Amino acid sequence: MVGGGPAGLATAIAARRHGLSVVLADGAVPPIDKPCGEGLMPDGVEALRDLGVTIPEGEAYPFRGIRFVSDGKRAEAEFPRGSAYGIRRTHLHRVLLDHAAACGVRLLWQAAVTALHPEGALVTGELVRARWVVGADGASSRVRGWAKLDQHELDAPRKKNRRFGFRRHYRVAPWTDFMELHWGRHCQIYVTPVSREEVCLALVSSSSKLRLRIDDALGEFPELSERLKDAEPASSERGAITVTRKLRRVYRGRTVLVGDASGGVDAITGEGICLGFRQAVLLGDCLASGDLARYQKGHRTLLRRPTLMARMMLFMAEHSHLRQRTMQVFQSSPQSFAGMLAMHVGEGSTRDHISNGIAVGWELLKA
Ligand SMILES: Cc1cc2nc3c(=O)[nH]c(=O)nc-3n(C[C@H](O)[C@H](O)[C@H](O)COP(=O)(O)OP(=O)(O)OC[C@H]3O[C@@H](n4cnc5c(N)ncnc54)[C@H](O)[C@@H]3O)c2cc1C
């Protein structure tokens, strides 16, 4: 396993549950932090449960739904089923790492993988023999390049598909048990409660606004600024790029990709980690049966819904007039927002989603 982020650790656990022996190598030192909105949606929590991992009380803060705030309008809905958590990346990493160690994954830290080898991979220059090599090395995956899977990008990460994210924690009691997404003219900020005395704030903006940082962006959000005015920052501001990427193939020979390495959706969806966990469950099964073609097929299916949600949300982000009208519809018809949230978290039937989509479209025409 190349990379011990959430997707790598989850895949390692999944593979161990099928009786495979697993060596995981990561160049970093745990617990690994990463700029992130730190929201774990109910489908991600469920995928973790499928791997036998439960999040201990006190490590995370449960939240019960999503709230959109835009141009003075608000829309909110509870998740139809299951619980979601705000959890600091370092806590999530520790929980996964402890579980992986307990189930017998051999963990190598400060151990960068430097190349693939016909019999496995080179870890800090030494050959580790392996039947399979899994690239779980994140959005800028080198494994993807080494295995020439980059050449098969369906949705090449053009400038348009790259956006910029920053994250900072604030010491303040959460004012809500919803994850809030605040829409601004040039950016979006989401706020996730991560403990009884801390919230995580993540800013995402497009490339032309590269210089937009959290303090500048907050000026656009008076309500949020007011809430945070006396709150001390509890971490430094850290940035990352979020990329929308879809690959034609996610394996070649004995090398296979998972998590952000295998493509991903914009951070605005808050879905990246969940997607990685769901892929991990599937990949563990497919590695055990040696059927990577099945993984590729299932991988495509898993990516479909988050990709659709990301497109819709980015469209709203880019078209403020449409966003205002959509918010008006969501505010006056809470069930339409609940229907959209159900689709986001993979609940409800396709028929429900289509009829909700038609109803929203009709209301938009009337608005
Ligand atoms: C601003 C922002 C906000 C986000 N908010 C959310 C959110 O609220 N909810 C959500 O679910 N997702 C969110 N995401 C997405 C989420 O952060 C990613 O989808 C997730 O981190 C992907 O996990 P991963 O394990 O695939 O990759 P990573 O977390 O990037 O882990 C990759 C690991 O590979 C290691 N590595 C890299 N190269 C090598 C090498 N050569 N050898 C060994 N190790 C290597 C790295 O050290 C790292 O530990 C957000 C992303 C951004 C940018």
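Be aware that the sequence shown starts at -11, since it is given in the working numbering, and climbs by one per residue.
By construction, the Cβ of each residue, glycine as well, lies at the ideal position given by its N, Cα and C atoms.
For clarity, every value in this text was computed on a predicted model and none was experimentally measured.
Shortest gap from the CB of Asp21 to any heavy atom of ligand 1: 7 Å or more.
Taking non-hydrogen atoms of ligand 1 into account, the C-beta of Val101 is found less than 7 Å away from one of them. The Cβ atoms of Arg94 and Val11 lie closer than 8 Å to each other. Counting along the chain, the unbroken beta strand (DSSP E) around Phe51 starts and ends at 49 to 51.
With contacts defined as CB atoms closer than 8 Å, Gly(-4) and Ala124 qualify as a contacting pair.
Residue range 175 to 183 is occupied by the beta strand (DSSP E) that includes Pro181. Distance from the CA of Thr42 to the CA of Ser71, rounded to the nearest whole angstrom, comes to 12 Å. An exposed status is given to Phe303, since fewer than 16 other beta-carbon atoms sit within 10 Å of its beta-carbon. Per the DSSP secondary-structure output, Leu169 pairs in a beta bridge with Phe56, Tyr178. If the five residues before and after Val238 are omitted, its C-beta is found closer than 6 Å to the C-beta atoms of Leu245, Ser250, Gln284, His287, all from its own chain and listed in chain order. In this structure, Ile54 keeps its C-beta atom at 8 Å or more from the C-beta atom of Arg150. Annotated three-state conformation of Cys274 is helix, per DSSP. For Lys285, the enclosing alpha helix (DSSP H) covers residues 280 to 306. Around the beta carbon of His332, a 10 Å sphere encloses 16 or more other beta carbons of the protein chains shown; the residue is thus reported as buried. Between the stretch 8 to 24 and the stretch 99 to 111, the count of Cβ pairs shorter than 8 Å is three or higher; the stretches touch. If one requires a minimum length of 3 residues, the beta strand (DSSP E) runs lying completely within the stretch 3 to 77 are 11 to 13, 49 to 51, 53 to 58, 61 to 66, 72 to 74, in chain order.
Taking the Cα of Lys217 as reference, the smallest distance to any Cα among Ser193, Ala268, Arg159, Asp138 is reached at Arg159. In the DSSP secondary-structure assignment, His157 is bridged to Cys188. Straight-line measurement puts the Cα of Phe51 at about 11 Å from the Cα of Val179.
Shown here, Pro106 sits in coil according to DSSP, grouped into three states, outside any helix or strand. By the Cβ rule, the stretch 264 to 281 does not count as touching the stretch 14 to 24, because fewer than three pairs are nearer than 8 Å.
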